[in-house]
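Down below is the structure, laid out as structure tokens.
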């Protein structure tokens, strides 16, 4: 997706260790027009899957998931990283390594909002190693839901996430694929 690619070229920063800083338009300050365009594109690509819910992880995945869900006419459920007192005692919980936090984080979903029989579309900001998405898959499976697709705004192909998700046998779509980040020079591959 050219609009997203151009923002990465202009504003993205390689912080080293595989970290791409895009928090000026994706995950700290959010550009609503960009997220709307991304959500529209995901909706176009996934409209035939019959999803009933969009699932993501707090917090960076919320904007693209919300816009995708809006264009598909679906609700969004996001896995929380801390259990609020409003959540029931019995929850779906898994651990997942966080690339940017450098530690394991909890992913928690209330069974009130994800149930058996749901057809889940996962949308997140990045596909890197696939660890966060696999954590979301585990939560969906624990709820008895069926995964129907995975979408990521940015895929870092050099981290092997697509290969880690191949066994899921669902469509995996990325709007931008980066095969290399040297200094602040990005090499993009076709999606």
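Residue numbers (my numbering): 1119 to 1309. No residue lacks a Cβ here, since even glycine has one placed at the ideal position from N, Cα and C. The structure presented is a predicted model; accordingly, all values stated were derived computationally and were not measured.
Between the CA atoms of residue j and residue i - distance to the nearest angstrom
i: residue 1215; j: residue 1165; result: 30 Å
i: residue 1138; j: residue 1246; result: 10 Å
i: residue 1293; j: residue 1270; result: 7 Å
i: residue 1266; j: residue 1240; result: 8 Å
i: residue 1132; j: residue 1180; result: 23 Å
i: residue 1251; j: residue 1191; result: 22 Å
i: residue 1278; j: residue 1212; result: 21 Å
i: residue 1151; j: residue 1136; result: 27 Å
i: residue 1142; j: residue 1205; result: 31 Å
i: residue 1287; j: residue 1186; result: 21 Å
i: residue 1307; j: residue 1297; result: 6 Å
i: residue 1160; j: residue 1168; result: 13 Å
i: residue 1263; j: residue 1193; result: 15 Å
i: residue 1220; j: residue 1201; result: 20 Å
i: residue 1197; j: residue 1177; result: 9 Å
i: residue 1305; j: residue 1299; result: 7 Å
i: residue 1217; j: residue 1275; result: 15 Å
i: residue 1203; j: residue 1157; result: 31 Å
i: residue 1309; j: residue 1207; result: 42 Å
i: residue 1123; j: residue 1295; result: 9 Å
i: residue 1289; j: residue 1170; result: 16 Å
Nearest candidate by alpha-carbon position, reference residue i, set the options
i: residue 1146; options: 1202, 1243 and 1213; result: 1243
i: residue 1261; options: 1235, 1282 and 1281; result: 1235
i: residue 1232; options: 1223, 1202, 1212 and 1195; result: 1195
i: residue 1257; options: 1125, 1168 and 1209; result: 1209
i: residue 1301; options: 1163, 1125, 1134 and 1148; result: 1134
i: residue 1162; options: 1291, 1127 and 1193; result: 1291
i: residue 1229; options: 1249, 1223, 1259 and 1218; result: 1259
Bounding residues of the beta strand (DSSP E) (the contiguous stretch that carries residue i)
i: residue 1127; result: Premise fails: residue 1127 lies in the alpha helix (DSSP H), 1120 to 1129, not in any beta strand (DSSP E).
i: residue 1272; result: 1264 to 1274
i: residue 1240; result: 1237 to 1245
i: residue 1174; result: 1171 to 1175
i: residue 1283; result: Per DSSP, residue 1283 belongs to no beta strand (DSSP E); it is in the alpha helix (DSSP H), 1279 to 1283.
i: residue 1291; result: 1290 to 1300
i: residue 1303; result: 1303 to 1307
i: residue 1137; result: 1137 to 1139
Start-to-end residues for the alpha helix (DSSP H) that takes in residue i
i: residue 1154; result: 1150 to 1164
i: residue 1259; result: 1249 to 1260
Contact under 9 Å by Cβ, residue i with residue j
i: residue 1155; j: residue 1172; result: no
i: residue 1199; j: residue 1226; result: yes
i: residue 1272; j: residue 1144; result: yes
i: residue 1127; j: residue 1140; result: no
i: residue 1248; j: residue 1281; result: yes
Alpha helix (DSSP H) segments (min. 4 residues) lying fully within the segment 1180 to 1230: 1180 to 1190
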